[in-house]
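Chains as they are written, first to last, in the numbering used here: chain A, 1 to 444; chain B, 1001 to 1444.
Input: a single structure, listed below in structure tokens.
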């Protein structure tokens, strides 16, 4: 669904954008090329630029067992050139044309995009289609790039106690499902990645049947389709879309806690994850209810948790909630707080637990619910200014198996959430046995 | 190594036996049949019986991803008969001959055995060799047996809070390695097991190259070999031993806690698991040191933890430690306590933590170390009375990749452990970030 999660992607180059959406929704055109590649066009004529994205229906959760990190590693290797275009040529052209480019790997998908003046759209397609089929990988290129990824992991995780806590919490929440494995991969498995792994993976997933082209911008749909046919349309089909094989998470039974204490921690924090249904796994209205619940409980300084823990009880300097609805499989609903100076994590957590227990009576007033819905829908309308977000919403939705109609229906799904839906969703999902609580502490 | 772990196996029919070992070690004869099947004979002439075991080098940790429980399920199905011997025929013969039979599935192996008067050894071999190659499985047999396993899981786990805690702790200790998956499998995956899974698995692992025959008893090695050649020797080889594919556990970074609260809990308990090297993964002397450490800390009422927590501080009515050395991959070192009446888990745990911190000075006196070593070695000598244990020690060792020499060397490995080894092993392994603490509480 249209809300981007907190930090599920390894994003390169630029930061992640907020999703973009208008209440009526933009005109969206969709096609399928003869080789099975999906095409989505979102005309947006405000500026003479085009956002060109290719989404692959494979993310880190599709990494073969023991080969974690391969989705992300291949994303790096996709910049290593083809027969026709040597390493760096694509990026150089984007830059010379005054454009921007980006790529990221998430749990459920991998995507590549460029934003250029609209007349260069065909050039982007030519380059992107070329590397879908003709990537050239030698050991001389693979080994140094693996060192780059290892260094990336060292910088992002090994030296960051908060990231270590995050990984340990995910691993405790998802004991069986691969969402418990870091997107970047486990260190010792990254170390073992080689050209063979990369080529196997590339051959399996980088196919037209597995890809979605999304173009947003000052473009004419028919013209986009013509360009797509002349570039992506020439990539040979493989006959079928690759199959994702993922074990399902068992029903949780035990309340879990994870603690990291490290001298480098400047600010202790408390986090709580609950195993929650996603937009795809839950009963019809539960995911929308959880979106409203997260907004109502923890969406900014007027939210219930902020008011209760920061303003009323003064046990925290920040508190909030988020929910990652956009996921193929069961996902995360999160609470967090930063304790006030002089307040222990224990005292702050007690206040959090009391606030959660009081949800039905204390948080779910009709007026508060209405405000949360309005904020949620309005946010997406405001966000519609960003063409990248617009393209991203559709790409992410299609990549996880949602439809354009699902995306367009989202505001009315949110509006349809009732107080009863919220009571039921909170009671079912925010249960201790579904939770992992994380403590980040300064080691003495 | 020769100590059996606390509860890693799903044992059917009879209980698990203590290992058997004499200081000099028995005469052990070993062979390999032409088709690659290993044969170990341990003559033991005290009674005119023979213990006949076949060990397969595949356990639950080799279950394919998403197909947990298949090793154990196939163990059940192995009693469903062949072309030559209909379901139940083998068991009926064992029983008519006054024998006993047994089978179990563990993380690293699956084994089948019978104990009969020595003159029936050849009959056992005939039946066992027959079901290695000629198992017959129809949907009519597979579906009801799956219901049996589901019911087994319901009885053992779903209705037992202690078992639920146990599963959750294992899943938190092993976030990536399959030792975190229950031997019996996750409920929803057992539900999906079918004839196809069983046949695939059987075809992959039930081969002569993957099997070890162990015969202990009043037998002549040459005669055993002749019988084996005429039965197992006729099973067609497959050309190579099947490969086990297991991801390695990443280095742990966070201290974890798991809690189950349930109205059915009569007696709260506290457990602690540490990720520890096994006899196969650790540096040469670390595993032996951990065996001594477990005995010294928690091997019965004279141990350090029992004396400290039960006798001196009176915060617990029981306390102990164990270590599962026998494992292909990194394994568990465990502490546990049962709090005294009126003592909270928190107070008891504080006392446990204080006792652990004090290990180098308080627990590692030379006299205590010597006593622990003597107890460890003596235990195995006393246990040598059991023929089944004798066979079991060799079968388990060979099944995980140890040699007969490794088993025979074990007492001297234990004797060679120094105080420095113990200090180093305790410091490295009993570290908070390697631990999962489990609380079993009565729900109010």
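Idealized CB from N, CA, C, for every residue including glycine.
Fair warning: this is a prediction, and the values are worked out from it, not measured in the lab.
- Would you say residue 1085/B touches the ligand ATP, meaning its beta carbon is less than 6 Å from a heavy atom? For the ligand ATP, the structure offers nothing, since it holds no ligand at all.
query = Do residue 297/A and residue 434/A have their CB atoms nearer than 7 Å?
reply = No, these two residues do not count as a Cβ contact at 7 Å.
Keeping to the same chain, check which residues put their C-beta closer than 7 Å to that of residue 1359/B; ignore five residues upstream and five downstream.
Cβ neighbours of residue 1359/B beyond the five flanking positions: 1426.
Is the Cβ of residue 1066/B closer than 7 Å to any Cβ of chain A?
With 7 Å as the cut-off, residue 1066/B counts as an interface residue toward chain A.
Counting pairs of beta carbons, one from the stretch 1384-1396 of chain B and one from the stretch 1207-1216 of chain B, are three or more of them closer than 8 Å?
A contact exists between the stretch 1384-1396 of chain B and the stretch 1207-1216 of chain B.
ask   = Do we get a CB-CB distance below 7 Å when we pair residue 188/A with the residues of chain B?
value = For residue 188/A, the answer is yes, since a Cβ of chain B falls inside 7 Å of its Cβ.
query: Would you call the CB atoms of residue 1106/B and residue 1059/B closer than 7 Å?
result: Closer than 7 Å, so yes.
- [ ] Determine, using beta carbons only, whether residue 164/A comes closer than 7 Å to chain B.
- [x] A Cβ of chain B is located within less than 7 Å of the beta carbon of residue 164/A.
Going by DSSP in three states, residue 429/A sits in which element: helix, strand or coil?
Reduced to three states, the DSSP call for residue 429/A is helix.
Check whether chain B comes within 7 Å of residue 255/A, counting only Cβ atoms and requiring the distance to be less than that.
Yes, residue 255/A counts as interfacial toward chain B.
**Q.** Residue from 1079/B, 1379/B, 1151/B, 1103/B whose Cα sits closest to the Cα of residue 1092/B
**A.** Of 1079/B, 1379/B, 1151/B, 1103/B, the residue nearest in Cα terms is 1079/B.
Problem - C-beta atoms of residue 176/A and residue 249/A nearer than 7 Å - result: Going by C-beta atoms, residue 176/A is nearer than 7 Å to residue 249/A.
Point to revise | Same chain, Cβ closer than 7 Å to residue 1220/B, neighbours up to 5 away in sequence not counted | key: Contacts found: none.
Ends of the beta strand (DSSP E) at residue 953/B?
Since the first and last residues shown for chain B are 1001 and 1444, residue 953/B lies out of range.
**Q.** Where residue 1104/B falls: helix, strand or coil (DSSP)
**A.** In the structure shown, residue 1104/B sits in a strand (DSSP, three-state: E or B).
| query | Quick one: does residue 1172/B have its CB under 7 Å from some CB of chain A? | reply | Using a Cβ-Cβ cut-off of 7 Å, residue 1172/B counts as an interface residue toward chain A, since at least one Cβ of chain A sits closer than that to its own.
If I follow the unbroken beta strand (DSSP E) through residue 1030/B, where does it start and stop?
Its beta strand (DSSP E) spans residues 1029-1032.
- [ ] List the residues of chain B whose Cβ lies closer than 9 Å to the Cβ of residue 392/A, in chain order.
- [x] Simply none; closest approach about 31 Å.
Exercise. Shorter than 7 Å from the beta carbon of residue 260/A to some beta carbon of chain B?
Worked result: Closer than 7 Å to some Cβ of chain B, the Cβ of residue 260/A qualifies, so yes.
- request: Give me the Cα-Cα distance between residue 1183/B and residue 1110/B, rounded to the nearest whole angstrom.
  value: Whole-angstrom Cα-Cα distance: 11 Å.
If you pair each beta-carbon of the stretch 1356-1376 of chain B with each one of the stretch 1302-1314 of chain B, do three or more pairs fall below 8 Å? Short answer: they touch.
Nonlocal neighbours in the same chain, by C-beta distance under 6 Å from residue 122/A, ignoring five residues either side
Scanning its chain for C-beta atoms nearer than 6 Å, with the 5 sequence neighbours on each side dropped, one finds around residue 122/A the residues 227, in chain order.
DSSP state of residue 1186/B mapped onto helix, strand, coil: In the three-state DSSP reduction, residue 1186/B falls in the coil class, being neither helix nor strand.
Could you work out which residues of chain B lie near residue 248/A, taking near to mean beta carbons separated by less than 9 Å? Under the 9 Å cutoff, chain B gives 1066, 1186, 1188, 1189.
Output, in sequence order along the chain, the residues in the stretch 194-226 of chain A whose CB is closer than 9 Å to any CB in chain E. Here the protein chains are A and B, and chain E is not one of them.
Suppose the cutoff is 6 Å on Cβ atoms and the five residues either side in sequence are ignored; what does the same chain contact list for residue 120/A look like?
These residues qualify, in order along the chain: 97.
Original post:
Mind checking residue 102/A: buried by the 16 CB within 10 Å criterion, or exposed?
Top reply: Only buried fits residue 102/A, as 16 or more other CB atoms lie within 10 angstroms of its CB.
How long is the line joining the alpha carbons of residue 1409/B and residue 1046/B, rounded to whole angstroms?
Approximately 24 Å between the Cα atoms of the pair.
How about residue 1438/B and residue 1292/B: do their beta carbons lie closer than 7 Å?
In this structure, residue 1438/B keeps its C-beta atom at 7 Å or more from the C-beta atom of residue 1292/B.
Roughly how many whole angstroms lie between the Cα atoms of residue 1172/B and residue 168/A?
Going from the Cα of residue 1172/B to the Cα of residue 168/A covers about 9 Å.
What residues in its chain sit with their C-beta under 6 Å from that of residue 269/A, if we drop five residues either side in the sequence? Sequence-distant partners of residue 269/A (beyond 5 residues in either direction) whose C-beta falls short of 6 Å from its own C-beta, in its chain, are 338, 440.
Handout entry: Strand pairing of residue 1318/B, partner residues [DSSP]
Key = Its beta-bridge partners are 1338/B.
Between the beta-carbon of residue 336/A and the beta-carbon of residue 271/A, is there less than 7 Å?
A Cβ-Cβ contact shorter than 7 Å links residue 336/A with residue 271/A.
### Query
Does DSSP put residue 1114/B in a helix, a strand or coil?
If DSSP states are grouped into helix, strand and coil, residue 1114/B belongs with the strands.
Going along the chain, which residues of the stretch 1064-1088 of chain B sit with their C-beta nearer than 7 Å to a C-beta in chain A?
-> For the stretch 1064-1088 of chain B, the set of residues with a beta-carbon nearer than 7 Å to any beta-carbon of chain A comprises 1065, 1066, in chain order.
Review point. Can you tell me whether residue 403/A is buried or exposed, with buried defined as 16 or more other CB within 10 angstroms of its CB?
Key: Around the beta-carbon of residue 403/A, fewer than 16 other beta-carbon atoms lie within 10 Å, marking it exposed.
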